[in-house]
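Q:
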Amino acid sequence: MRISLNWLRELVEVTLTPEELAQTLTMAGFEVEDIEDLGTLADGVVIGKVLEVEPHPNANKLRVCQVDIGGSDPLNIVCGASNVRPDIYVPVATIGTYLPTIDLKIRASKLRGVRSEGMICSLAEVGLAKESAGIHIFEAETIPLGSDARPLLGLTDTILDVTSTANRADALSMVGVAREVVALTGASLTLPETVEVSIPEASDALTLKVSEPKASPAYIGTVIEGVKIGPSPDWLQQRLKAAGVRPINNVVDVTNYILLEWGQPLHAFDRERLQAVAGVENLTIGVRFAKSGESLTTLDGQTRSLEPQALLITANDQPVAMAGVMGGEATEVNNNTQSIVLEAALFDPVTIRRSSRSQSIRTESSARYERGVNQAELDIACKRAIALITELAAGTPTTQSIADQRPDPSTWARSIELRLD
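When the letters of the sequence shown are read in order and numbered with our numbering, they come out as residues -12 to 408.
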């Protein structure tokens, strides 16, 4: 797992250098494969404002831009991006800057006969995306020209790439790693704030039918209406990118964020698309094993013939997801989504392992379920996700249904027996 030190420092008081922290974790049984200073990806990239854009005299797909980076004169920069236009703030790689992601040192040069004195960058060119459709445009109304672009790009962080053993499921979350650092250093721990959100009582709009309680000892389904799908705020996108996760939209990003923060996988279904699959308005979300001859087209676009050991999520008995592994394409959240059903559940590790292997799929969710997630944190993770979706996507929780076969919390093990023989 990629551990953001900026994020970790919000949870625990880390006074060690990245190298000292890596050594401490290594001595505790973790393997730190790499320490990555994100600042090196854009050292020399500054904030610029595009003043003018003119057609290139010798190339139809190029533009000649006048870009102000706070110097005495604007820079003349040739740009091929289709989204370049006047009056936008952009990241500019100045002459002498080395961009390691694309192995390029910026030099003054002539492009098709026109002098270019720098480069306006895309997110891909500063290591923040695998590919980009155009240059990056900052949304802020005013930014100091010539200032370091790295803070706005989220590149003031250091990443520890940490590998843990199979018995350390807790190490697959920021909270789990923070607790480990507390145990190793004696520092204090600050857990993420969980805001209580008022949710009306269960209704016929959403009911649950868990046919396999041993395979799914707890399932929480929450209807959230009135969501407005859009990009996540910069802080959320930056945290996901630092962890190696591609931002998608504000709802899906929240589910991925909670997975990274608490180690609890979540899934968001488009409610109206669930209703279309079910053929009725009132939904019954089920958990059962696959039947002979059933198939499901998953989010990766593959239509999968399901084996009997595959645990499914169903909508009125119609398969809509491989439980704990991957959602279905027919019910995924998209730009038109207005209402969702948020799933927060516990699934049996052995069941998920068999299910994922039957289809040769391994996902971030299945990796955590296979190791076992913390049953005590299911409700916390669910509440935090609902609060964030309410805040970032303007949603309103309207009903919640819970199927809970967990033992009474008073019986949960809170101590470990240590034998010295």
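Ideal Cβ positions, reconstructed from N, Cα and C, are used throughout, including at glycine.
Residue 245 and residue 371 look like a contact to me (Cβ under 8 Å); what is the Cβ gap, rounded to whole Å?
A: In the sequence shown, counting from the first residue as 1, residue 245 sits at position 258. In the sequence shown, counting from the first residue as 1, residue 371 sits at position 384. Right, their Cβ atoms sit about 6 Å apart.
Q: If distances are taken between C-alpha atoms only, which option among 120, 114 and 121 comes closest to residue 137?
A: Stepping through the sequence shown from its first residue, residue 137 is reached at position 150. Minimum Cα distance to residue 137 is reached at 114.
Q: For the alpha helix (DSSP H) holding residue 237, just list the boundary residues, first then last.
A: Locating residue 237 in the sequence shown gives position 250, counting from the first residue. Residue 237 -> alpha helix (DSSP H) spans 237 to 249.
Q: Just curious, the beta strand (DSSP E) that residue 63 is in, first and last residue?
A: Numbered from 1 along the sequence shown, position 76 holds the residue referred to as residue 63. Segment 62 to 66, the beta strand (DSSP E) holding residue 63.
Q: Ignoring anything shorter than 4 residues, give me the alpha helix (DSSP H) runs that lie fully in the stretch 247 to 335, in order along the chain.
A: If we require 4 residues or more, the alpha helix (DSSP H) runs fully inside the stretch 247 to 335 come out as 258 to 265.
Q: Measure the Cβ-Cβ separation of residue 299 and residue 176 and say whether it is below 8 Å.
A: Along the sequence shown, read from residue 1 onward, the residue named residue 299 stands at position 312. Along the sequence shown, read from residue 1 onward, the residue named residue 176 stands at position 189. In this structure, residue 176 does not lie closer than 8 Å to residue 299 by Cβ.
Q: With a threshold of 16 other CB atoms inside 10 Å of the CB of residue 59, please say whether the residue is buried or exposed.
A: Residue numbering aside, residue 59 sits at position 72 when the sequence shown is read from its first letter. By the 10 Å Cβ count, residue 59 comes out exposed.
Q: How big is the Cα-Cα spacing for residue 38 and residue 234?
A: Within the sequence shown, residue 38 is the residue found at index 51, counting from 1. Within the sequence shown, residue 234 is the residue found at index 247, counting from 1. Going by the C-alpha atoms only, they are around 30 Å apart.
Q: Should residue 396 go down as buried or exposed, given a rule of 16 or more other Cβ atoms within 10 Å for buried?
A: Indexing the sequence shown from 1 puts residue 396 at position 409. Counting Cβ neighbours within 10 Å, residue 396 comes out exposed, since fewer than 16 surround it.
Q: Quick one: using the 10 Å Cβ neighbour count with 16 as the cut-off for buried, is residue 85 buried or exposed?
A: Locating residue 85 in the sequence shown gives position 98, where the first residue counts as 1. Exposed.
Q: Select from 382, 152 and 398 the residue whose C-alpha is nearest the C-alpha of residue 362.
A: Numbered from 1 along the sequence shown, position 375 holds the residue referred to as residue 362. Residue 362 has its Cα closest to that of 398, out of 382, 152 and 398.
Q: Which same chain residues, not among the five before or five after residue 182, have their C-beta less than 8 Å away from its C-beta?
A: Reading the sequence shown from its first residue, position 195 is the one you call residue 182. Once the five neighbours on either side are set aside, the close Cβ partners of residue 182 are 370, 371 and 374.
Q: Quick one: residues in its chain with C-beta nearer than 8 Å to the C-beta of residue 410, no 5 flanking neighbours on either side, listed in chain order?
A: Since the first and last residues shown for the chain are -12 and 408, residue 410 lies out of range.
Q: By DSSP, does residue 353 sit in helix, in strand, or in coil?
A: Locating residue 353 in the sequence shown gives position 366, where the first residue counts as 1. Helix at residue 353.
Q: Quick check on this structure: which residue in 356, 346, 378 and 11 has the alpha carbon closest to the alpha carbon of residue 169?
A: As a first step, residue 169 is located in the sequence shown; it is residue number 182 there, counting from the start. Of the listed residues, the one whose Cα sits closest to residue 169 is 11.
Q: Can you tell me whether DSSP reads residue 390 as helix, strand or coil?
A: By 1-based counting over the sequence shown, the position of residue 390 is 403. Three-state result, residue 390: strand.
Q: Which one of 101, 82 and 42 has the shortest CA to CA distance from residue 92?
A: On the sequence shown, position 105 is the one that residue 92 refers to. Minimum Cα distance to residue 92 is reached at 82.
Q: How big is the Cα-Cα spacing for residue 214 and residue 286?
A: As a first step, residue 214 is located in the sequence shown; it is residue number 227 there, counting from the start. As a first step, residue 286 is located in the sequence shown; it is residue number 299 there, counting from the start. Using only the alpha carbons, I get a separation of about 21 Å.
Q: DSSP on residue 42, reduced to helix/strand/coil?
A: Here residue 42 is taken as the residue at index 55 of the sequence shown, counted from 1. DSSP places residue 42 in strand when its eight states are reduced to three.
Q: So, with DSSP's three-state summary, where would you put residue 398?
A: Translated into the one-based positions of the sequence shown, residue 398 becomes position 411. Of the three classes helix, strand and coil, the one that applies to residue 398 here is helix, per DSSP.
Q: Where does residue 375 sit, in a helix, a strand or coil, going by DSSP?
A: What you label residue 375 is simply residue 388 of the sequence shown in a count that begins at 1. Residue 375 falls in the helix class under three-state DSSP.
Q: Among 390, 407, 385 and 392, which one has its Cα closest to the Cα of residue 188?
A: Position 201 of the sequence shown holds residue 188. Considering only alpha carbons, the answer is 385.
Q: Apart from the five residues on each side of it in sequence, which residues of its chain come closer than 7 Å, Cβ to Cβ, to residue 338?
A: The residue labelled residue 338 in the question sits at position 351 within the sequence shown. These residues qualify, in order along the chain: 202 and 298.
Q: When you compare the CB positions of residue 217 and residue 193, do they come within less than 8 Å of one another, or not?
A: Here residue 217 refers to the residue found at position 230 when the sequence shown is read from its first residue. Here residue 193 refers to the residue found at position 206 when the sequence shown is read from its first residue. No, the pair does not count as a contact, with Cβ atoms beyond the cut-off.
Q: With a threshold of 16 other CB atoms inside 10 Å of the CB of residue 224, please say whether the residue is buried or exposed.
A: What you label residue 224 is simply residue 237 of the sequence shown in a count that begins at 1. It is buried - the Cβ of residue 224 has at least 16 other Cβ atoms within 10 Å.
Q: What does the alpha-carbon distance come out to for the pair residue 219 and residue 406?
A: Along the sequence shown, read from residue 1 onward, the residue named residue 219 stands at position 232. Along the sequence shown, read from residue 1 onward, the residue named residue 406 stands at position 419. If I take the Cα positions, the gap works out to 49 Å.
Q: Would you mind giving the Cβ-Cβ distance between residue 252 and residue 393, rounded to the nearest angstrom? I have them listed as a contact below 8 Å.
A: Working through the sequence shown from its first residue, we reach residue 252 at position 265. Working through the sequence shown from its first residue, we reach residue 393 at position 406. Between residue 393 and residue 252 the Cβ distance is about 17 Å, and since that is not below 8 Å, they are no contact.
Q: Consult DSSP for residue 458 and reduce its assignment to one of helix, strand or coil.
A: Limits of the chain in this structure are -12 at one end and 408 at the other, which puts residue 458 out of reach.
Q: Is it the case that the Cβ atoms of residue 274 and residue 198 are separated by a distance below 8 Å?
A: Mapped onto the sequence shown, residue 274 falls at position 287. Mapped onto the sequence shown, residue 198 falls at position 211. The answer is yes: Cβ separation under 8 Å.
Q: Quick one: is residue 328 buried, meaning 16 or more other Cβ sit within 10 Å of its Cβ, or exposed?
A: Within the sequence shown, numbered from 1, the residue matching residue 328 stands at position 341. So residue 328 counts as buried.
Q: With respect to the alpha helix (DSSP H) encompassing residue 226, which residues constitute its N-terminal and C-terminal limits?
A: Reading the sequence shown from its first residue, position 239 is the one you call residue 226. Looking at the DSSP string, the run of the alpha helix (DSSP H) that includes residue 226 is 221 to 229.
Q: For residue 129, report the span of its beta strand (DSSP E) as first-last.
A: The residue labelled residue 129 in the question sits at position 142 within the sequence shown. Unbroken run through residue 129: none, as it is neither H nor E.
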